[in-house]
Structures are given as C-alpha cells and as structure tokens.
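Participant: The numbering of the sequence shown is the numbering used here, which starts it at 11 and goes up by one. Where a beta carbon is used, it is the ideal one built from N, C-alpha and C, also for glycine.
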Amino acid sequence: MKRRAALAALVLVAISGCTALRGRFAGPDILFVATPEAVSVEMLRVAEVTGQDVVFDLGSGDGRVVIAAARDFGARGVGVEIDPTLVKTSKDAALAAGVGDRATFLWQDLFVTDVREATVVTLYLRDDVNLKLRPKLLDELAPGTRVVSHDFDMGDWKADRIQRVQGPTRLHTLYLWLIPARVAGTWQTRVGDRDATLTLTQRYQTIAGTLALDGNQVPIADGKLEGNRLTLTAGTLTLTGVVIEDTIEGRADDRSLSSSDWTARRAR
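1) Is the beta carbon of Leu186 closer than 8 Å to that of Val201?
2) Nearest-angstrom Cα distance between Ile258 and Ala107?
3) Would you say Ser100 and Leu133 are within 8 Å of each other, going by their C-beta atoms?
4) Could you compute how far the alpha carbon of Met11 sits from the alpha carbon of Ala103?
5) Going residue by residue through the stretch 95 to 175, where are the continuous alpha helix (DSSP H) segments of at least 4 residues, counting only ones entirely within it?
6) How would you label Gly87, buried or exposed, when you count the other beta carbons within 10 angstroms and need 16 or more for buried?
7) Compare the Cα-Cα distances from Val43 to each of Phe66, Gln62, Val64, Asp72 and report the closest residue.
8) Give me the Cβ distance between Glu215 and Asp170, rounded to the nearest whole Å; I'm assuming they're in contact under 8 Å.
9) In this structure, how does DSSP classify Val9 when only helix, strand and coil are distinguished?
10) Using a threshold of 8 Å, state whether the C-beta atoms of Lys90 and Thr45 are closer than that.
11) Straight-line CA distance for Trp117 to Asp67?
12) Taking the alpha carbon of Ile217 as the reference point, which residue from Ala206, Asp203, Asp205, Leu249 has its own alpha carbon closest?
13) Can you give me the C-alpha to C-alpha distance between Arg192 and Gln212, rounded to a whole angstrom?
14) For the candidate residues Pro153, Leu143, Val109, Asp93, whose alpha-carbon lies nearest to that of Phe162?
15) Going by alpha carbons, who is nearest to Leu240 out of Val228, Arg261, Pro229, Leu184?
16) If you draw a straight line from the alpha carbon of Ser270 to that of Gln173, how long is it in whole angstroms?
17) Which residue comes first and which comes last in the beta strand (DSSP E) that contains Asp82?
18) Who are the Cβ neighbours of Gly110 in its own chain at under 6 Å, not counting the five residues just before and after it?
19) To test your reading of the DSSP string, which unbroken beta strand (DSSP E) runs of 3 or more residues are found completely within the stretch 197 to 264?
20) To the nearest angstrom, report how far apart Glu236 and Pro145 are at their CA atoms.
21) Report the partner residues of Phe66 according to the DSSP bridge assignment.
22) Is the beta carbon of Leu148 closer than 8 Å to that of Ile189?
23) Measure the C-alpha to C-alpha separation of Val252 and Asn238 and round it to an integer number of angstroms.
24) Cα-Cα, which of Arg278, Lys98, Thr246 is closest to Gln198?
25) I need the straight-line Cα distance from Ala80 to Glu255, nearest angstrom please.
Given below as structure tokens:
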C-alpha cells in the first residue's frame, strides 16, 4: 500500500509539474490540426522561399512546415509552438530528416516571440488569432516580408494573392501578404526641374493622397505598395520607386514628357 501511495504521489507531482509548465504561457487555445504535406510545400512555394530565407512558422505543430522549408528549399526554419510535446516531436523529426542544423523549434507563446529576423512567416491558426497577431506582424516584420496563412484571412487587410490548393480530402485556401512599407505622411520631391510635395495616406498596401505641383493639388490614383515597391499615378504622371526608410528612389514617367530619375524624402 505504501508503494502504491508513493507512486500515486509521484504521478500527481509529475502532472502538477506539467500543468505548471504549460501555465507558463497564456497562449491561445488552438487545436492542432496538421496541414497536409503537399499543402505545406505549396505554402512555401507561394512565398517563393529560397535558401536565403528565414521561415518562421507560428504555431508550428509537429514541425512539418519548418522541416519542409529546410529540406526542400534550403531555408533556415524556426517553429514556434506552445505545446512542449509537439516541440519535442518536431525536434526529433528534424533530426530524422537530416535538417537539425537548419530547423529550430521554440517552446514559446507566439505573441511574444521576436519575429524580426523572419523573411517569411507561415500561419495555420484561426481568424481571431490572425487578427490579434496582425499588428505584431505589421510592426515587427521588415517591408517585403512574405506572410502566408492557410485557410484564414486577416480581416480588412486584403491578401496580395489568393491561391486554392487541392488537398487529399478538400480544397485549401492560401493567402499571401507582403508587409507594406510605411509611407503615410509628407514627402518632398522634384518632378523634372519643379519642386513638388507628396501627401500620402495609407491603409495597408493601398495608398491615396495628393501631389502638390505648380500650385495644383493633383489627386493620387491607383496608389499601391508591393512590400517596399511603391506605384503612384497623379494625372499624367506615374511615379514608381523603392522605399528605403525615409527615402523613395525610382522613376517618374510623364505621358507628355520623357521619363527621369525620381527621389522623394520624408519631411521632418
């Protein structure tokens, strides 16, 4: 009887310990549902992953997306998972696949994970979790970082691309976003030999505003961002450029004039 009582006490201690460890994180209660292997690979293809990328899979489950990124694309992968059992499963699977040196798995709450190193982020969460995660992605990820979500969108942040993929039992939807550069505000520029001012407003990758030129306020039409690549149309003028912090460099094309190099600087 004493042996049984001692064994029962040990079991209770072990269970309490596991519960305490899991209580270390206040992450979302998300049921793990594995993404089919073919869909995992297609997520990485949609993101155009290469060996130069660092792929973060937030809510990485059994690690299959991270392992595929390392094994099939030569990328470095980081999986973030709140379930310690799945983290161990992932590490073992990465070693078995021969990619243990390029696949890292973290037992963490994805909402506190530092994702700034990522060039690609993959998700298979839920609509409400995506919406809660959205500000973190927009704030921490560099412009041009690719975000791919399996089956769940980001509310009013419309995807740059949507792709349907046939899985073993159903059709899957993949959403791709490019993190947009921040361009809202006032920019000083020149168009040809004339001084001009751009005043821009921004809603994710959609840009509006005005170009003040020769005393006229010309509205911006068809303003859009693809990561850090900006395109604006104002009257007969089309401005294209790459946003690098507080500078935009590119080309100005006027249907009535020849094209020229174009630079804008954010007003202080």
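Facilitator: On the basis of the coordinates in this document:
1) Residue numbering aside, residue 201 sits at position 191 when the sequence shown is read from its first letter. Residue numbering aside, residue 186 sits at position 176 when the sequence shown is read from its first letter. Taking 8 Å as the Cβ cut-off, Val201 and Leu186 do not qualify as a contacting pair.
2) As a position in the sequence shown, residue 258 is number 248, starting the count at 1. As a position in the sequence shown, residue 107 is number 97, starting the count at 1. If I take the Cα positions, the gap works out to 44 Å.
3) For the purposes of this step, residue 100 is identified with residue 90 of the sequence shown, where counting begins at 1. For the purposes of this step, residue 133 is identified with residue 123 of the sequence shown, where counting begins at 1. Cβ atoms of Ser100 and Leu133: not closer than 8 Å.
4) Stepping through the sequence shown from its first residue, residue 11 is reached at position 1. Stepping through the sequence shown from its first residue, residue 103 is reached at position 93. Here the model assigns Met11 a pLDDT of 45, short of 50, so the residue's position is not dependable, and the following value carries that caveat. Approximately 41 Å, taken between the alpha carbons.
5) 137 to 150
6) Against the sequence shown, residue 87 aligns to sequence position 77. Label assigned to Gly87: buried.
7) Counting from one through the sequence shown, the residue named residue 43 turns up at place 33. Distance from the Cα of Val43 is smallest, within the candidate group Phe66, Gln62, Val64, Asp72, for Asp72.
8) On the sequence shown, residue 215 is found 205 positions in, with the first residue counted as 1. On the sequence shown, residue 170 is found 160 positions in, with the first residue counted as 1. Correcting the residue type first, residue 215 is Gln in the shown sequence and not Glu. With a Cβ gap of about 7 Å, Gln215 and Asp170 count as contacting.
9) Any question about residue 9 goes unanswered here, given that the chain covers just 11 to 278.
10) Locating residue 90 in the sequence shown gives position 80, counting from the first residue. Locating residue 45 in the sequence shown gives position 35, counting from the first residue. The sequence given here places Val at residue 90; Lys does not occur at that position. No. Outside cutoff.
11) Here residue 117 refers to the residue found at position 107 of the sequence shown. Here residue 67 refers to the residue found at position 57 of the sequence shown. Whole-angstrom Cα-Cα distance: 12 Å.
12) Against the sequence shown, residue 217 aligns to sequence position 207. If we check each option's Cα against that of Ile217, Leu249 comes out closest.
13) Numbered from 1 along the sequence shown, position 182 holds the residue referred to as residue 192. Numbered from 1 along the sequence shown, position 202 holds the residue referred to as residue 212. The straight-line gap from Cα to Cα measures roughly 8 Å.
14) Sequence index remark: in the sequence shown, residue 162 carries index 152 (1-based). It is Leu143 whose Cα lies nearest to the Cα of Phe162.
15) On the sequence shown, position 230 is the one that residue 240 refers to. Nearest of Val228, Arg261, Pro229, Leu184 to Leu240, Cα basis: Arg261.
16) On the sequence shown, residue 270 is found 260 positions in, with the first residue counted as 1. On the sequence shown, residue 173 is found 163 positions in, with the first residue counted as 1. Taking the straight line joining both Cα atoms gives about 37 Å.
17) Position 72 of the sequence shown, counted from the start, is the residue given in the question as residue 82. Counting along the chain, Asp82 falls outside any beta strand (DSSP E), though it belongs to the alpha helix (DSSP H) covering 74 to 83.
18) Your numbering for residue 110 matches position 100 in the sequence shown. Around Gly110: Ala104.
19) 204 to 213, 216 to 223, 226 to 229, 231 to 236, 239 to 244, 247 to 254, 257 to 264
20) Here residue 236 refers to the residue found at position 226 when the sequence shown is read from its first residue. Here residue 145 refers to the residue found at position 135 when the sequence shown is read from its first residue. When rounded, the distance between both Cα atoms is 18 Å.
21) The residue you call residue 66 lines up with position 56 of the sequence shown. Answer is Val88, Val131.
22) Against the sequence shown, residue 189 aligns to sequence position 179. Against the sequence shown, residue 148 aligns to sequence position 138. Cβ atoms of Ile189 and Leu148: closer than 8 Å.
23) In the sequence shown, the residue the question calls residue 252 occupies position 242. In the sequence shown, the residue the question calls residue 238 occupies position 228. Approximately 6 Å, taken between the alpha carbons.
24) As a first step, residue 198 must be located in the sequence shown, where it is residue number 188. The candidate whose alpha carbon is nearest that of Gln198 is Arg278.
25) Here residue 80 refers to the residue found at position 70 when the sequence shown is read from its first residue. Here residue 255 refers to the residue found at position 245 when the sequence shown is read from its first residue. So the two alpha carbons sit approximately 31 Å from each other.
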